Amino acid sequence: MKRIPNLTKTGSLVPITLLCACLSLPALAQQKIEESADTSANPTVEIEHVSGKAHIKVWEKNQVHIEGTLGKKSETYQFEKHASGVRFEVETQRHRDDWKSGYDKGDDLLIRVPRGSRLLYTAVNADVEINDIANATQVDLVNGDIKVSRLQGKTKLETVNGDIVIDDVAGELMIETVNGDIEGAHANGDTGHFITVNGDIDITTQARELRMDSVNGDMEFVAAQINELDIVTVNGTVDGEINLTENGNVSASSVGGKITLAFQPEVAARFELQGHAGGNIENNLTDAQASKAKYGPTKWLEFTTGNGSARVEMSTVHGLLEINKH
96 MKRIPNLTKT GSLVPITLLC ACLSLPALAQ QKIEESADTS ANPTVEIEHV SGKAHIKVWE
156 KNQVHIEGTL GKKSETYQFE KHASGVRFEV ETQRHRDDWK SGYDKGDDLL IRVPRGSRLL
216 YTAVNADVEI NDIANATQVD LVNGDIKVSR LQGKTKLETV NGDIVIDDVA GELMIETVNG
276 DIEGAHANGD TGHFITVNGD IDITTQAREL RMDSVNGDME FVAAQINELD IVTVNGTVDG
336 EINLTENGNV SASSVGGKIT LAFQPEVAAR FELQGHAGGN IENNLTDAQA SKAKYGPTKW
396 LEFTTGNGSA RVEMSTVHGL LEINKH
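In this note's numbering, the protein residues as written are 96 to 421.
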């Protein structure tokens, strides 16, 4: 509901109340805005803008509140309440002569939402910080950094060119960046999936099912009780510390990178390691030594510890495989 008191009708000034769930307004250059809408305790909140920065935090009201300043190139914004929640979108001018308007730092937004919100945030050139969402969070950026803390539920964070930092995030977690680093702490959750192409990964996680993928970046991680671990790298270095459960499975492969995994001293598993075209193997877990093919560069190492209930398979083309105790 929005009241506009000074509209002219048949020559006189009359107040008109707009009973409308959707508000779309022109945005002046660097205009200050403030909008709010009452919601349920767990609304779907959709935020979409092109550039700038946003800080999204929770409060103890069943209400979505947005305030801040729009960028120079922002033309209109839409603040819409619907049955399941709220949608806020900023439309930005895209003209051939945009470069003539000078530097635009974009929108500067502070957004407060209920703790139980399901958050969907999308931007092109923006940095975002999100705190304390307890339902589900999804972020999709092209250029920009993502920083989140104390999230729960299902979390999916993606950026093409930017870093991602997490702190005390719980629940199912999926993080992906092309040209950026991933770092932080995954407090607990059944699954964790971390992907980067040219960036590094530095993670502490309690996920029981963990997947890590990189092309040229380095990966360093400490995991708690692992049921399933899948590591794929091309030319990066991997340094991990894990506690493998009784029936756990580990699969790790590289082309030219080095993979180092440290296991608990009492690990019970069947180990199978293979180096193909010149790959090397170092075993610091037991006294077993790698074998070498009579003809060709292939090397392999197979041995069992304890009752062999878990399984570890590692391979490299021409990199190095190393297993240790932690």
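The beta-carbon is built from N, C-alpha and C at its ideal position, and this holds for glycine as well.
In this text, all values refer to a predicted model and were calculated from it rather than measured experimentally.
Selection A363, I261, A132 evaluated against R406 yields A363 as nearest (Cα-Cα).
Taking 7 Å as the cut-off, the Cβ atoms of D308 and I290 count as close. Taking a contact as a CB-CB distance under 8 Å, the pair S131 and Q158 counts as one, their CB atoms being some 6 Å apart.
Here G201 has S146, G147, G166 as same chain residues with Cβ atoms under 6 Å from its own Cβ, once five neighbours each way along the sequence are excluded. The C-beta distance from L356 to G335 rounds to 5 Å, short enough to meet the 8 Å contact threshold. By the criterion of a C-beta distance shorter than 6 Å, H413 is surrounded in its chain by G351, A372, G373, G374, once the five residues flanking it on both sides are discounted. By the Cβ rule, the region 220-239 counts as touching the region 254-267, because three or more pairs are nearer than 8 Å. By the Cβ neighbour-count rule, E341 is exposed, with fewer than 16 other Cβ atoms within 10 Å of its own. For K389, no beta strand (DSSP E) encloses it, and the DSSP letter there is neither H nor E. In terms of Cα proximity to V333, the closest of L368, E417, E141, Q247 is E417.
Per DSSP, S212 lies in no beta strand (DSSP E) segment and is marked neither H nor E.
When rounded, the separation of the alpha-carbon atoms in T411 and L204 is 47 Å.
Inclusion of V208 and V264 in the CB contact set at 7 Å is not warranted, their separation being larger than that value.
Note that the C-beta distance between N220 and G248 is not below 7 Å.
Using a Cβ distance threshold of 7 Å, V292 and V273 count as a contacting pair. Excluding five sequence positions before and after D276, the CB atoms of its chain that fall closer than 6 Å to its own CB belong to D258, G294, D295, given in chain order. The C-beta of Y390 has fewer than 16 other C-beta atoms within 10 Å across all chains shown, which makes the residue exposed. Here DSSP, grouped into helix, strand and coil, assigns Q369 to strand. In the DSSP assignment, V234 falls within the unbroken beta strand (DSSP E) covering 231-238. Residue state for I296 is assigned as strand, using DSSP reduced to three classes.
Residue environment analysis places K353 among the buried positions, since at least 16 neighbouring C-beta atoms fall within 10 angstroms of its C-beta. Judged by DSSP in its simplified three-state form, T164 adopts strand. Counting along the chain, the unbroken beta strand (DSSP E) around I142 starts and ends at 139-143.
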